[in-house]
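Engineer: Keeping their order, the protein sequence lines are chains U and B. Just so we're aligned, residue -8 is where the first sequence starts under the working numbering, counting upward by one. Just so we're aligned, residue 11 is where the second sequence starts under the working numbering, counting upward by one. Backbone N, C-alpha and C fix where the C-beta goes; we use that ideal spot for every residue, glycine too. A single structure is presented below for examination.
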Amino acid sequence: MTATPTEMMTIAAARLLSDDDVCFVGIGAPSAACNLARLTHAPKITLIYESGTLSTRPSVLPLSIGDGELCDTALTTVSVPEMFRYWLQGGRITIGFLGGAQIDRFANLNTTVVGPYDAPKVRLPGGGGAPEIASSCGQIFITMAMGSRAFVDALPFVTSFGHGKGKGDRAALGLKTKGPTKVITDLCVMEPDPETAELTVVSLHQGVARAQVEAGCGWPLRFAARLSETPAATETELAVLRDLHARTKRAHGAAA
Amino acid sequence: MVEFVSLGEGVEAVLSDGCSVAMEGFTHLIPHAAGHEAIRQGKKRLTLIRMTPDLVYDQMIGMGCAEKLVFSWGGNPGVGSLHRFRDAVENGWPHPLALEEHSHAAMANAYEAGAANLPFAVFRGYKGVDLPAVNPAIRSVTCPYTGEVLATVPALRPDAAIIHAQKADREGNVLLEGIVGVQKEAVLAAKRSLVTVEEIVEDFGPRNANAVILPAWTVTAIAHVPGGAYPSYAQGYSKRANDFYIAWDKIARERETFLAWMKEHVLEQGPEAFARHAGAKRAAA
Chain U
-8 MTATPTEMMT
2 IAAARLLSDD
12 DVCFVGIGAP
22 SAACNLARLT
32 HAPKITLIYE
42 SGTLSTRPSV
52 LPLSIGDGEL
62 CDTALTTVSV
72 PEMFRYWLQG
82 GRITIGFLGG
92 AQIDRFANLN
102 TTVVGPYDAP
112 KVRLPGGGGA
122 PEIASSCGQI
132 FITMAMGSRA
142 FVDALPFVTS
152 FGHGKGKGDR
162 AALGLKTKGP
172 TKVITDLCVM
182 EPDPETAELT
192 VVSLHQGVAR
202 AQVEAGCGWP
212 LRFAARLSET
222 PAATETELAV
232 LRDLHARTKR
242 AHGAAA
Chain B
11 MVEFVSLGEG
21 VEAVLSDGCS
31 VAMEGFTHLI
41 PHAAGHEAIR
51 QGKKRLTLIR
61 MTPDLVYDQM
71 IGMGCAEKLV
81 FSWGGNPGVG
91 SLHRFRDAVE
101 NGWPHPLALE
111 EHSHAAMANA
121 YEAGAANLPF
131 AVFRGYKGVD
141 LPAVNPAIRS
151 VTCPYTGEVL
161 ATVPALRPDA
171 AIIHAQKADR
181 EGNVLLEGIV
191 GVQKEAVLAA
201 KRSLVTVEEI
211 VEDFGPRNAN
221 AVILPAWTVT
231 AIAHVPGGAY
241 PSYAQGYSKR
251 ANDFYIAWDK
261 IARERETFLA
271 WMKEHVLEQG
281 PEAFARHAGA
291 KRAAA
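Laid out in structure tokens, this is it:
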């Protein structure tokens, strides 16, 4: 079995998680990655969804952030104000997962508009929990598929703050959290450069060429001097992920 | 004191043209039947307040009920865009829609401040982002103890709150279970409120001492509308109709298919249309 690029993104993200993590989970790739980790190497991982479900163990992936499955399998469910005040702002989350329509070289994200705010070409959903997830979680993992319309030179709108315009910008705003430490894509894994905070490719997924990654990015992308290869998906990782997706599709009754 | 009413009477009692309304429910317990009734009654120029506009506001915006939207995430969860919301913002159809946009943390804090009778909410947020540049309601305050600069937003004090809940008892107390979202805060922050319920019972019976209950004297009106959250759901009674959320993407994408769907499923129907979505109660509370 060979993983598709999307499966590889999910699997590479799942590998970064451990039993000790308390994750604020978003819908889509983050939810798949967190639950794949829970069903393989990190059975004790704590998953929190912003609808208020603490320590949830869904058997299928939720379509929305508030499916009944999340509440049914949670340790407890709190109100939304409590979720954002005591749990997120309270500094109890180690890893927040984010994605977006667009990202720039310092891992700032846009999920608000394409074009001017008052006369947008495309009105996107907006920030939701993201602005405060980005500032309150210990660190941020971003999962996004590459493409030159998604990895852009300049964002029309900053919905969530990554590293601003470079190293030191987070500290200047009084932020004590690390911000984005990993960007996991369908082609590679990036990390902010320790000196500049600019995103740098540290690992290419198996069979991916450097030129392919460059073509999917709207700025001249930097590569680490010691570039590694992401280990291929194992039989177990793929089997568990595909089984999870199959269960989910059956449960949602349509093209989920 | 709370009154038991029909859905039509309840919507008429709490909503008037030009008022602000929070129809809350975080994915769970969304008051869809009440939204349909507001559309049938032809309510206009409403300020719609909701963290996640969801399908209920997509429908109300597309049918021309809204003048302004106060929100923090305007998508179809796990599916994609809210096409009627986008058409209103991008093309002004059926008419322009003013936006007051926040983050979830800001709105949750603003409801809580409203319930607590405070003028504004304070929290650690909006650091380094562009929303404060386009929303003048987002400001800041310096902590008098530590000097830390914190974000502020005005308290939400809607004219009306409308929510869906599992149960009311004969005295008009309301019980919510599961993902309880911001509904308690929204009702306590609002001047008047309507609650639609799955079931009216003699007595709630044995329950958790910390159950989420809105006492009768905090609620204006209660209407018995089984299945009234569909395609959202009521924990213990029904499951979220994820297939309908997926199907909505195609229905709402074009104005014609949207209007045809609204005519057939909303304008030519009544509240009883929701009864077929009411599930059997799973177990005693």
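Taking beta-carbon pairs under 8 Å, can you tell me which members of the stretch 18 to 39 of chain B lie near chain U?
Structural biologist: F36, T37 and H38
Engineer: Closest to G18/B by C-alpha separation, out of A32/B, V205/B, L141/B and R94/B, would be which residue?
Structural biologist: V205/B
Engineer: Can we say the stretch 146 to 165 of chain U touches the stretch 161 to 171 of chain B, given the rule of at least three CB pairs closer than 8 Å?
Structural biologist: no
Engineer: For a contact defined as C-beta to C-beta under 9 Å, what are the partners of F268/B on chain U?
Structural biologist: Result: empty, since nearest Cβ-Cβ is about 17 Å, beyond 9 Å.
Engineer: Per DSSP, D179/B forms a beta bridge with which residues?
Structural biologist: V211/B
Engineer: Quick one: which residues of the stretch 126 to 150 of chain B get their C-beta closer than 9 Å to a C-beta of chain U? List them in chain order.
Structural biologist: F133, R134, G135, Y136, K137, G138, V139, D140, L141, A143 and V144
Engineer: Among the residues of its own chain, which have a CB less than 6 Å from the CB of V159/B, if the five just before and after it don't count?
Structural biologist: Once the five neighbours on either side are set aside, the close Cβ partners of V159/B are S150 and T152.
Engineer: Mind listing the chain U neighbours of Q9/B? Cutoff is C-beta to C-beta under 7 Å, in chain order.
Structural biologist: An answer regarding residue 9/B cannot be provided, because it is not within the stretch 11 to 295 covered by chain B.
Engineer: Note down, in chain order, every chain U residue with its Cβ under 8 Å from the Cβ of E100/B.
Structural biologist: P111, K112, V113 and R114
Engineer: Provide the residue(s) that pair with P171/U in DSSP beta bridges, ordered along the chain.
Structural biologist: Checking the DSSP bridge columns, you'll see P171/U partnered with I131/U.
Engineer: In chain order, what residues of the same chain have a beta carbon less than 7 Å from the beta carbon of C208/U, not counting five sequence neighbours either side?
Structural biologist: M137, S139 and F142
Engineer: Which of helix, strand or coil does DSSP assign to A43/B?
Structural biologist: helix
Engineer: Return the chain-ordered list of same chain residues with a C-beta closer than 6 Å to the C-beta of T68/U, the five sequence neighbours on each side being excluded.
Structural biologist: G43, T44 and C62
Engineer: To the nearest angstrom, how far is it from the Cα of G72/B to the Cα of F95/B?
Structural biologist: In a straight line, the C-alpha of G72/B is about 7 Å away from that of F95/B.
Engineer: Determine the direct distance from the alpha carbon of A219/B to that of K260/B, and round the result to whole angstroms.
Structural biologist: 45 Å
Engineer: Look at V15/B and A226/B and say whether their C-beta atoms are less than 7 Å apart.
Structural biologist: no
Engineer: Can you check which of these residues, V31/B, G238/B, Q51/B and M33/B, is closest to E22/B by C-alpha distance?
Structural biologist: Comparing alpha carbon positions, the residue from V31/B, G238/B, Q51/B and M33/B closest to E22/B is Q51/B.
Engineer: Report the rounded CA-to-CA distance for F268/B versus G74/B, giving the unit in angstroms.
Structural biologist: Approximately 13 Å between the Cα atoms of the pair.
Engineer: To be precise: take each residue of the stretch 173 to 191 of chain B, compare its Cβ to all Cβ atoms of chain U, and keep it if any distance is under 8 Å. Which residues remain?
Structural biologist: G188, I189, V190 and G191
Engineer: Work out the CA separation of S127/U and R233/U for me, nearest whole Å.
Structural biologist: 32 Å
Engineer: Find out if the Cβ-Cβ distance for the pair D140/B, F152/U is shorter than 7 Å.
Structural biologist: no
Engineer: Assign G155/B to buried or exposed, taking buried as 16 or more other Cβ atoms, counted over all protein chains shown, within 10 Å of its Cβ.
Structural biologist: With the sequence shown as reference, residue 155/B is identified as Tyr, and Gly is not the correct amino acid for it. Exposed is the call here.
Engineer: State the Cα-Cα distance for the pair G35/B and E264/B, rounded to the nearest angstrom.
Structural biologist: 27 Å
Engineer: Check the Cβ of N220/B against every Cβ in chain U and list those closer than 9 Å, keeping chain order.
Structural biologist: Going along chain U, no residue has its Cβ under 9 Å from N220/B, so there is no contact; the nearest lies around 11 Å.
Engineer: Is there at least one Cβ from chain U nearer than 7 Å to S203/B's Cβ?
Structural biologist: no
Engineer: When the cut-off is 7 Å and only beta carbons count, does Q80/U lie next to chain B?
Structural biologist: yes
Engineer: Looking at chain B, is there any beta carbon in it that lies within less than 7 Å of the beta carbon of Y108/U?
Structural biologist: yes
Engineer: Counting pairs of beta carbons, one from the stretch 127 to 135 of chain B and one from the stretch 31 to 50 of chain B, are three or more of them closer than 8 Å?
Structural biologist: Segments in contact, no.
Engineer: Thinking just about the alpha-carbon of each residue, which of I172/B, W258/B, M272/B and E266/B is nearest to the one in L92/B?
Structural biologist: W258/B
Engineer: Note down, in chain order, every chain U residue with its Cβ under 8 Å from the Cβ of R255/B.
Structural biologist: One point to set straight first is that residue 255/B is Tyr, not Arg, in the sequence displayed. Per Cβ cutoff of 8 Å: L54 and S55.
Engineer: Against chain B, with Cβ distances strictly below 7 Å, would E123/U count as a contact?
Structural biologist: yes
Engineer: Taking only three categories from DSSP, how would you classify S22/U?
Structural biologist: It is helical.
Engineer: Look up I36/U in the DSSP assignment and say whether it is helix, strand or coil.
Structural biologist: coil
Engineer: Just checking: is the beta-carbon of R96/B within a distance shorter than 7 Å of some beta-carbon in chain U?
Structural biologist: Closer than 7 Å: yes.
Engineer: Please go through the same chain and pick out, in chain order, the residues whose beta-carbon is closer than 6 Å to the beta-carbon of E181/B, but skip the five residues on each side of it.
Structural biologist: A226
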